[in-house]
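*Asks:* Structure provided below as structure tokens; questions to follow.
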Amino acid sequence: MRILLKNRALIKISGKDSEEFLQGQFSNDIEKLDQANIQLNAYCQHQGKIIGLFWVMRIGHEFVLSFPYDLLEKIITRLKMFVIMSDVVIEDVTEFYRQIGLINESNVLEYRINTNLALILEESTKEVGNVSSDLFFWDKALIDSKIPQIAYKTSEKLVPQMLNLDINEIGVNFSKGCYPGQEVVARLHY
95 MRILLKNRAL
105 IKISGKDSEE
115 FLQGQFSNDI
125 EKLDQANIQL
135 NAYCQHQGKI
145 IGLFWVMRIG
155 HEFVLSFPYD
165 LLEKIITRLK
175 MFVIMSDVVI
185 EDVTEFYRQI
195 GLINESNVLE
205 YRINTNLALI
215 LEESTKEVGN
225 VSSDLFFWDK
235 ALIDSKIPQI
245 AYKTSEKLVP
255 QMLNLDINEI
265 GVNFSKGCYP
275 GQEVVARLHY
């Protein structure tokens, strides 16, 4: 089943310092991300509470972050605060791409979330094929796959352990180094 994920924003992070920048901001090890899979990453504030939960994809030397649209302004504003002197460009590319969720399907252009779910990024100028816009099936597939979501209402209310992101380090890597809130998250873990 193919579902148009019209409720998700997409940000592109580029520039020669983009990998190092994201490594210092997110809970998972960006250096381990390949170009075929999606990596789950928590973006925490200093108290360890999750501001946003991203699906991170690597495209060459650039990265794209997919997350619920209602967090777009909050996330862009916060990320830009930490760019400072780095060669990093943060762009909202939501309108340039369609995000299509795949349930029990595969495609050569996919970014794999898990064995049952994948995501395709399609240019918004392309013709829309056989795609459903009923988000119920996608939301149910995420729940069945135990993949949590953070929206505006739940932003800054939960730590990664409350979403089981620490189990098998699916969303938190405890040996990668520092990121905002890392001390609190690590203390809860150990």
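Quick note: the sequence shown, position 179, residue 273 per this note's numbering, numbers continuous.
All residues carry an ideal CB built from backbone N, CA and C; glycine is no exception.
Is the CB-CB distance between Thr188 and Ile105 below 9 Å?
*Replies:* Indexing the sequence shown from 1 puts residue 188 at position 94. Indexing the sequence shown from 1 puts residue 105 at position 11. Cβ distance < 9 Å, so Thr188 and Ile105 count as in contact.
*Asks:* What separation, rounded to the nearest whole angstrom, lies between the Cα atoms of Leu166 and Leu159?
*Replies:* Your numbering for residue 166 matches position 72 in the sequence shown. Your numbering for residue 159 matches position 65 in the sequence shown. Spanning the two alpha carbons is a distance of roughly 11 Å.
*Asks:* Assuming Ile107 contacts Val182 (C-beta within less than 8 Å), just tell me the rounded distance between them.
*Replies:* Along the sequence shown, one-based indexing puts residue 107 at 13. Along the sequence shown, one-based indexing puts residue 182 at 88. Contact flag correct, Cβ pair sits at about 6 Å.
*Asks:* Identify the continuous beta strand (DSSP E) that holds Val158 and give its terminal residues.
*Replies:* Against the sequence shown, residue 158 aligns to sequence position 64. Unbroken beta strand (DSSP E) run through Val158: 156-162.
*Asks:* Comparing alpha-carbon positions, which option in Ser269, Gly195, Leu252, Asp164 lies nearest Gln117?
*Replies:* To locate residue 117, count along the sequence shown from 1; it is residue 23. Selected option, being the one with the closest Cα: Ser269.
*Asks:* Which residue wins for smallest C-alpha separation from Ile207, given the options Phe120, Leu127, Pro274?
*Replies:* As a first step, residue 207 must be located in the sequence shown, where it is residue number 113. Ile207 has its Cα closest to that of Leu127, out of Phe120, Leu127, Pro274.
*Asks:* Would you tell me roughly how many angstroms separate the C-alpha atoms of Leu282 and Tyr205, rounded to the nearest one?
*Replies:* Looking up residue 282 in the sequence shown gives position 188. Looking up residue 205 in the sequence shown gives position 111. So the alpha carbons of these two residues sit roughly 31 Å apart.
*Asks:* I need the boundaries of the alpha helix (DSSP H) containing Tyr173, first residue and last residue.
*Replies:* Reading the sequence shown from its first residue, position 79 is the one you call residue 173. Residue identity differs from the one stated: residue 173 is Leu in this sequence, not Tyr. Its alpha helix (DSSP H) spans residues 166-175.
*Asks:* Flag this pair as yes or no: are the beta carbons of Ile244 and Phe161 separated by less than 9 Å?
*Replies:* Taking the first residue of the sequence shown as 1, we reach residue 244 at position 150. Taking the first residue of the sequence shown as 1, we reach residue 161 at position 67. Yes; because the gap between Cβ atoms is below 9 Å, this pair is in contact.
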